[in-house]
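Engineer: In my numbering, the protein residues as written are 2 to 328.
No residue lacks a Cβ here, since even glycine has one placed at the ideal position from N, Cα and C.
Got a structure here, written out as structure tokens. Questions coming.
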Amino acid sequence: MLQATENETNEPHTSQAAYPNAHRLLRALGYQTSQRGVQLDVDGVQYILTPGIHQKDFWHGTHRNPRMFFSWFKNRRRRKLLAEPFPETWQSTLEHQVGHYAVLPESDQARLRDIVRILVAEKEWEGCRGLELTDEIRVTIAAMAAVLVIGFDDFYFEQVQTILVYPNEYVVKEERALAGGATLEEESDRLGEAHYRGPVILSWAEIRHNALEPGHGQNLVFHEFAHQLDMLNGAIDGTPVLPDVDLAQRWARIMDREYRRLRQAERHGRETLLDPYGASEPAEFFAVATECFFDAPRAMHAEYPELYDLFRDYYKQDPAGWLAFER
């Protein structure tokens, strides 16, 4: 157990044991370690967490759950990160490259900046097919993802570990089963993908267009990160984690009705505000509706009022009240 009392000699306080691999985990988080253990400085008080603590020690005393223990360090690092000035070049990117930023209320702009800082710092960002990742790319993508969760408390897509960025669309090879056990290999062009617990894969060319020209009801980052919200309950079925029974009941009723409505319109070739791709399955309907909610909210409110209200209550945001760039 990690003790938290300062002795008179100001020597580091040493606990009796730690997870055998605790020092490795904390080193990965950026803390200094030595043969004696993990060296911590908390508000001027030094501690050493030594290897050898038994797992049961985390279930007694102050830290009853190892997740709580490591969450404490993560939250402290985030507080230190957010205490630093927001980079001027990042601010310029938000103001000139991300159309949604300028129309957000000031309080939401501040919240978005905090989320951007954390997403850029904590995710693994990789450029693919020769793309050199820049702060402009990272900040733009992080800002788009942040728009979705401004209304959530302390949520930073923790389940997403890696974000892969291609310069343009990319090709994926797939195998399709045929009769008799044979398979056919096909290639398909894609702009993005979302996988359970990451990675998220994105096309920078599409993102840049979405960021500079909002208001069309389509946004790749909104779409793929909506899938990540959908997956939080372990399934991808168009139903994310919902906070209460009332919203869950409304969700089942309204989403089913509007999904069927879109499918019928797609079968008859009728033009719709929602992307017809949403008619392919409930998970895609949720992602497509999320795009429309944040990118064409006034049109969505006019054409799908109950669906709009449902998303307003889920995302805890009312973009129809502040977005002013719809086409």
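State the Cα-Cα distance for the pair R139 and V121, rounded to the nearest angstrom.
Structural biologist: Each residue's Cα considered, the two are about 6 Å apart.
Engineer: Does the beta-carbon distance from F312 to A297 come in below 8 Å?
Structural biologist: no
Engineer: Looking only at its own chain, which residues have a Cβ that is under 8 Å from the Cβ of V117, when we skip the five neighbours before and after it?
Structural biologist: Excluding positions up to five away in sequence, the list reads W91, L95, V140, A143, A144 and A147.
Engineer: Would you give the residue range spanned by the beta strand (DSSP E) that Y167 belongs to?
Structural biologist: T163 to Y167
Engineer: Can you tell me the Cα-Cα spacing of P106 and L203, whole angstroms?
Structural biologist: 28 Å
Engineer: Keeping to the same chain, check which residues put their C-beta closer than 8 Å to that of Q250; ignore five residues upstream and five downstream.
Structural biologist: none
Engineer: Alpha carbons only, please: which of I237, L179 and P283 is nearest the one belonging to M256?
Structural biologist: P283
Engineer: Rounded to whole angstroms, what is the Cα-Cα separation between R198 and L233?
Structural biologist: 9 Å
Engineer: Relative to the alpha-carbon of L82, which residue among E259, I119, E214 and R130 has its alpha-carbon at the smallest distance?
Structural biologist: I119
Engineer: For a minimum of 4 consecutive residues, which ranges assigned as the alpha helix (DSSP H) are wholly contained in the stretch 254-301?
Structural biologist: 283-296
Engineer: Determine the contact status of L230 and P200, defining contact as a CB-CB distance below 8 Å.
Structural biologist: no
Engineer: Using beta-carbon positions only, say whether K300 and L263 come within less than 8 Å of one another.
Structural biologist: Sequence check: residue 300 is Ala here, not Lys. Not in contact: A300 and L263 (Cβ atoms no closer than 8 Å).
Engineer: On the DSSP letters alone, give me the boundaries of the alpha helix (DSSP H) that G182 sits inside.
Structural biologist: G182 -> no alpha helix (DSSP H), and no H or E assigned at all.
Engineer: I need the straight-line Cα distance from A195 to E85, nearest angstrom please.
Structural biologist: 31 Å
Engineer: Assuming E292 and G182 are in contact, meaning their beta carbons sit under 8 Å apart, how far apart are those beta carbons, in whole angstroms?
Structural biologist: That pair is no contact at about 39 Å.
Engineer: Look up K75 in the DSSP assignment and say whether it is helix, strand or coil.
Structural biologist: helix
Engineer: Using 8 Å as the threshold, is the C-beta distance between I237 and H228 below it?
Structural biologist: yes
Engineer: Return helix, strand or coil for L203, following the three-state DSSP convention.
Structural biologist: Strand.
Engineer: For D276, is the classification buried or exposed, using 16 other Cβ atoms within 10 angstroms of its Cβ as the cut-off for buried?
Structural biologist: buried
Engineer: Does the Cβ of N76 have 16 or more other Cβ atoms within 10 Å, making it buried, or fewer, making it exposed?
Structural biologist: exposed
Engineer: By how many angstroms is the C-alpha of L132 removed from the C-alpha of H210?
Structural biologist: 17 Å
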